[in-house]
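*Asks:*
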Amino acid sequence: MKLERKVRLCSAAAAVLIAAIALTGCGGSKSTASSAAASSVAASTAAATNNSCGEGVTWALADGTLTISGTGRMTNFTKDAPAPWADQADQITTVEVEGTVTSVGATAFKDCTALTTVNIADGVEYIEAGAFNGCTALTEVNIPLSVGYIKTGAFKGCTALTSVTIRDDCRLDMNVFPDTVEVNHAEG
């Protein structure tokens, strides 16, 4: 147990050092892409050690249910800095976004292939790109009327999803849903 904690702390410290080097430009030219990647890696490493997935937003996984709660925006995750629960993706069957969380982070639930149900609390304003990409078992998603923007590929590859309801004026980027999904509109 003590060794595992030391490994986590060392990983977090290494990520912070990498981010600091990238942001200060030490050791070469400053690259916006490498700075962003280093910051994202640092955020992801820190999230894995303290159950944080955004400023004021936390996560908990119990009995197949991943609960996102708190106040504020979720972190936007990437291939290089995946969500802290990514190594347990095949165990997640339900996602609950509650509290006053205002966004669902990019690629947050990507490839959660056992995920069948998503409940998003009223108050979430947008769903980032690829948030549920590749959730092939997803059959039910509750998108509240507070969601006004769903970004590219948010539900791409959700082949079991057949119908969703969004508000009339919800802005949709390209390829948000598979072609097989019926999109219904409600007054928002």
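Note that the sequence shown covers residues -24 to -1, 1 to 164 in mature numbering (1 follows the signal peptide of the UniProt record, and there is no 0). The beta carbon of each residue, even a glycine, is placed where N, CA and C say it ideally should be.
Does DSSP classify A62 as helix, strand or coil?
*Replies:* Residue mapping note: residue 62 aligns to position 86 of the sequence shown, counting from 1. Three-state result, A62: helix.
*Asks:* Label S16 either buried or exposed according to how many other C-beta atoms from any shown protein chain fall within 10 Å of its C-beta, with 16 as the threshold for buried.
*Replies:* Counted from its first residue, the sequence shown places residue 16 at position 40. Here the model assigns S16 a pLDDT of 47, short of 50, so the residue's position is not dependable, and the following value carries that caveat. Taking all protein chains shown into account, S16 has 16 or more neighbouring C-beta atoms within 10 Å of its C-beta and is therefore buried.
*Asks:* DSSP three-state call for N52: helix, strand or coil?
*Replies:* Counting from one through the sequence shown, the residue named residue 52 turns up at place 76. Of the three classes helix, strand and coil, the one that applies to N52 here is coil, per DSSP.
*Asks:* Grouping DSSP H, G and I as helix and E and B as strand, with all else coil, what is N109?
*Replies:* Here the question's residue 109 lines up with position 133 in the sequence shown. Coil at N109, not helix or strand.
*Asks:* Alpha carbon to alpha carbon, how far is T92 from S28?
*Replies:* For the purposes of this step, residue 92 is taken as residue 116 along the sequence shown, with counting starting at 1. For the purposes of this step, residue 28 is taken as residue 52 along the sequence shown, with counting starting at 1. Whole-angstrom Cα-Cα distance: 24 Å.
*Asks:* According to DSSP, is N151 part of a helix, a strand, or is it coil?
*Replies:* On the sequence shown, residue 151 is found 175 positions in, with the first residue counted as 1. Reduced to three states, the DSSP call for N151 is coil.
*Asks:* Among the candidates T135, A113 and V73, whose CA atom is the shortest distance from the CA of I103?
*Replies:* Position 127 of the sequence shown holds residue 103. Comparing Cα positions, the closest option is V73.
*Asks:* Report yes or no: is there a C-beta of chain B within less than 9 Å of the C-beta of N160?
*Replies:* Considering every chain present, this structure includes no chain B. It has just one protein chain.
*Asks:* Tell me, which residues are paired with L91 by DSSP?
*Replies:* Your numbering for residue 91 matches position 115 in the sequence shown. Note: L91 is not bridge-paired with any residue in the DSSP secondary-structure output.
*Asks:* Just the C-alpha distance for D56 and T83, rounded to the nearest angstrom, thanks.
*Replies:* Start at 1 with the first residue of the sequence shown, and residue 56 comes out as number 80. Start at 1 with the first residue of the sequence shown, and residue 83 comes out as number 107. The straight-line gap from Cα to Cα measures roughly 11 Å.
*Asks:* Taking only three categories from DSSP, how would you classify N27?
*Replies:* Looking up residue 27 in the sequence shown gives position 51. If DSSP states are grouped into helix, strand and coil, N27 belongs with coil.
*Asks:* Excluding the 5 residues preceding and the 5 following T78 in the sequence, name in chain order all residues of the same chain whose CB lies nearer than 7 Å to its CB.
*Replies:* Taking the first residue of the sequence shown as position 1, residue 78 is located at position 102. G48, R49, G99, V100 and E101, listed in sequence order.
*Asks:* Can you say whether residue 171 is buried or exposed, counting buried as having 16 or more other CB atoms within 10 angstroms of its CB?
*Replies:* Past the edges of the chain, shown from -24 to 164, lies residue 171, and the structure says nothing about it.
*Asks:* Using the Cα positions of V71 and V123, report the straight-line distance between them to the nearest angstrom.
*Replies:* Counted from its first residue, the sequence shown places residue 71 at position 95. Counted from its first residue, the sequence shown places residue 123 at position 147. Approximately 17 Å, taken between the alpha carbons.
*Asks:* If I follow the unbroken beta strand (DSSP E) through A36, where does it start and stop?
*Replies:* Taking the sequence shown and counting its residues from 1, one reaches residue 36 at position 60. Counting along the chain, the beta strand (DSSP E) containing A36 begins and ends at V33 to A38.
*Asks:* Here's the rule I'm using: 16 or more other beta-carbon atoms within 10 Å means buried, otherwise exposed. How should K6 be labelled?
*Replies:* Working through the sequence shown from its first residue, we reach residue 6 at position 30. Because K6 carries a pLDDT of 42, less than 50, the predicted location of this residue cannot be relied on, and the following value inherits that uncertainty. Classification of K6: exposed, given that the 10 Å Cβ count is below 16.
*Asks:* Taking the alpha carbon of G40 as the reference point, which residue from N118, N26 and A90 has its own alpha carbon closest?
*Replies:* Here residue 40 refers to the residue found at position 64 of the sequence shown. Of N118, N26 and A90, the residue nearest in Cα terms is A90.
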